[in-house]
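If you're matching positions, the sequence shown starts at 91 in the numbering used here and goes up one per residue.
Ideal placement from N, C-alpha and C gives every residue a C-beta, glycine not left out.
Nothing here was measured: the structure is a model prediction, and the numbers come from that model.
Here's the structure, in structure tokens; my notes come after.
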Amino acid sequence: SLIAAIGTRFYGVGIHLGLRQISRSPGQFTRLVFLLILTFAIGTFSASMAATVDRNISDRISFKIGGDTFFAETGTWLVDGERWRVTPAERHYDLLDESGEPEIQQLARLWNAKANFQPPGRSDTDKITVFGVDPIPFASTVWWREDFASRSLNELMNALALDERAILVDRAYFHDRLLLNIGDPLRINIGKPFYLPDELRRVGERQRFNIGLDVLEFTIAGWIDTFPTHYPEDGPFVVANVDYIHRNFGESPWDIIATLGPGDNAGDLSNRLRALDIDIISAVDFTGELLKTRKDATQIGTFGILTVGFLVSTILTLLGFLTYSFLSFRRHLQEFGVLRAMGLSVRQMIALFVFKNGFLIFVGTVGGTILGIATSALFIPFLQLSVDQFAGTPPFIVEIAWGDIARVFVVFSAIILITLPVSIWMLRRIQIHEAMKFGSETG
């Protein structure tokens, strides 16, 4: 009614009559609108739920690995010198394919150790995890999400590269709990790595252990909320320049996050890397982990249910629209005859028919899509699949399936474009006396 009142002097006859009919007797048009709202809302929610679960699976695997591929590596403990001999990380680039190109496109070291930190004003110490990285290579290799920190990854890594004493710290622990600020000094007791004999190691444990404690001094340069490969259950963490740590303690084994070439996998490359005197304990890659996860029966069932819901809603939308279009045309046939008898031209009748149906379809599809998006944003975060204890890391992000929604709109638009010419052709063939006679017979 409001739209009709605003543009009374500007609308054509077809648009004006269409708005008046809808406003005066909305009951006869609500079925189509409610059908479109319901089916588009269900379709949007199902598609978004599937897209969100799929992204969360990918994000959890990338978070666990840290990037495309993760090599857990060690070195050789030299008893005489009581130091580690570790093959330089650049040696990985010596692994070449048949064309002479490096199999590993880029890599970055990721060193970690447990450390003791004494918070200001306390006599006891807390256990924290210290990560050492190569700032520039790490920024181009690691998997990162914008919600992991308030600043970009490049900004954070530049801070480490410009000052070797700079350190990035866990915001929740150092800022929210200890009330420390940017620029404050930190003194961390980091254990020196040494060799642990095979008979004392647990199965799968890397050949290094921390003994003794040396203090390293740092300056807080930034905050990080979440760091790949580190889970909240492991306690607070800090990220420093690995070269600064090694200059003070000497080199010790690190892990490698790498990006591989197309078609390569971590298992095959790890065997070939061992031939280059690189001690690899284990290797995992994103593609292999993703395939294993997607073979899980729970995941398959979940995606099956969501896909069926999306397809059913799409089919119902199309069938409902076609049925409504046919019945609506027959129901309004007498009305069209009366309008023709009153002097309405065929062109004006076509404008009335096209506008009225187009307006109702627009309201239903847009309303249903908005309702589906709002429902997805409200409820999908509560539907996380708790497949393991780390299911909530990294944080769950709702993914709206714009691609699938767009496909439904394209299919729906194609159906409209097919039915519209047929309806126009039928309108052009209406005879006034036949329409009036049909109306009196159907009563």
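- Under the Cβ criterion (8 Å, minimum of three pairs), the stretch 206-213 does not count as touching the stretch 306-322.
- The residues 202, 204, 320, 324, 325, 327, in chain order, have a CB closer than 7 Å to that of residue 219 in the same chain once the five nearest residues on each side in sequence are set aside.
- The three-state secondary structure of residue 193, taken from DSSP, is coil.
- Membership of residue 331 in the beta strand (DSSP E) is indicated by the continuous run 327-331.
- Short of 7 Å from the beta carbon of residue 411, and not among the five residues preceding or following it, lie these beta carbons of its own chain, in chain order: 505.
- For residue 235, the closest alpha carbon among the candidates 150, 175, 249 is that of 150.
- Boundaries of the alpha helix (DSSP H) harbouring residue 250: 243-252, taken from the DSSP string.
- Residue pairing by DSSP puts residue 372 in a beta bridge opposite 162.
- For residue 179, the closest of 462, 366, 408 by C-alpha to C-alpha distance is 366.
- Here residue 373 is not near residue 231, since their CB atoms are 8 Å or more apart.
- Burial is judged here by how many other beta carbons sit within 10 angstroms of a residue's own beta carbon; residue 95 has fewer than 16 and is exposed.
- Secondary structure remark: continuous beta strand (DSSP E) runs of at least 3 residues inside the stretch 307-352, in chain order: 327-331, 345-350.
- In the same chain as residue 384, and ignoring 5 residues on each side of it, the C-beta atoms closer than 8 Å to its own belong to 147, 390, in chain order.
- Ranked by Cα distance from residue 339, the first of 125, 172, 155, 145 is 172.
- Within a 10 Å sphere around the beta-carbon of residue 133 sit 16 or more other beta-carbons, which makes this residue buried.
- Rounded to whole angstroms, the separation of the alpha carbons of residue 121 and residue 409 is 13 Å.
- Cβ contact annotation for residue 105 (same chain, cutoff 6 Å, sequence separation greater than five): 445, in chain order.
- In the DSSP annotation of this structure, the continuous segment of the alpha helix (DSSP H) that includes residue 93 starts and ends at 92-96.
- Residue range 356-364 is occupied by the alpha helix (DSSP H) that includes residue 356, with no beta strand (DSSP E) assigned at that position.
- Taken through DSSP and simplified to helix, strand or coil, residue 257 comes out as strand.
- By the neighbour-count criterion, in which a residue is buried when 16 or more other Cβ atoms sit within 10 angstroms of its Cβ, residue 163 is buried.
- Note that the stretch 452-471 touches the stretch 484-504; at least 3 beta-carbon pairs, one per stretch, sit closer than 8 Å.
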